[in-house]
Amino acid sequence: MVVFESLLAVAVLTVMLALTLKARSSNGARYRMSRSRLCCGTQADFQAEDEVLAAYLGSTASYALLAGTYSHYTLVCDKKQWHWHNGALNTPAQYLATVYKKKSKELRVALPSEDCAIMPGLLRYLDPLGSPKAKPARSPLQDHLRIYLMAKRNRFATLERMALTNVHQGLQILWDKQIFADVVAEIYGVDTKLGREVRKAVVQVAVQHDAVLFGSKRRHGRFKRIALANRQFMSDVLEAREAGGGGEAVS
């Protein structure tokens, strides 16, 4: 009887151990599968990576929440890669030291080739030290605009809101006739449905500066050439004037 009970106990323990090992193996497989989905950086993963991109654009609170999950983050654009660790841009040597030697968790995001053009502007806001050191060819407002369009295309909801806020503020704070002409040319040079919110902001500013932009015969010739050559922009401005000056009339 005692021998039978002992054998029964051993059998029960064996079954329990087997079930435990199976559960751990299953959890490990799910973890690996989850990590592969997160790290593959495909178009389908962009929505999940939304908060990570936004964190590097100045959202300290968001970054603090994410820091416990991903200590390293790599942006991949064509054949170039930008490595980040704890919110700072890393050299390739630093990347090898932090990821491979310390086995840090890494999230890789591959941007579509059409969005690689915004990387220089994006880096200006990702890196607190202003890397790259080369003087930017465009204004910050144009960079914010391109970041907004990239976020809109890829459905980065948080990044889109942040960039749109920066565009609104830039149109007011960084008001400049030359820059404004470039913004009009750029936003009305893409799919107008894509940039509707920006179009509303641009038209509102155009109406606010109506006399300056449209009233002078000699000044702002470049802006007038751009404006008059774009029927959609002029139509939006006329509708906004009739509606009382706001950008709500933009369809």
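Residue 145 in UniProt numbering is what sits at position 145 of the sequence shown, and the numbering runs on without skipping anything.
Just so you know, even glycine gets a beta-carbon here, dropped at the ideal spot from N, CA and C.
May I ask you to list the residues that DSSP assigns as paired with V76?
Q81, A110
What are the boundary residues of the alpha helix (DSSP H) that includes R199?
196-208
What separation, rounded to the nearest whole angstrom, lies between the Cα atoms of R108 and F156?
16 Å
For the alpha helix (DSSP H) containing L238, list its first residue and its last residue.
231-242
Buried versus exposed call for Q169 [16 or more other C-beta atoms within 10 Å across all chains shown]:
exposed
For V237 versus V207, is the C-beta distance shorter than 9 Å?
yes
If contacts are defined as beta-carbon pairs under 8 Å, then Y188 and Q142 qualify, I think. What distance do you get, rounded to the angstrom?
Not a contact, Cβ separation roughly 14 Å.
Is it the case that the Cβ atoms of Q204 and A240 are separated by a distance below 9 Å?
For Q204 and A240, yes; Cβs fall inside 9 Å.
Can you grab the Cα-Cα spacing for the pair A163 / Q172, in whole Å?
14 Å
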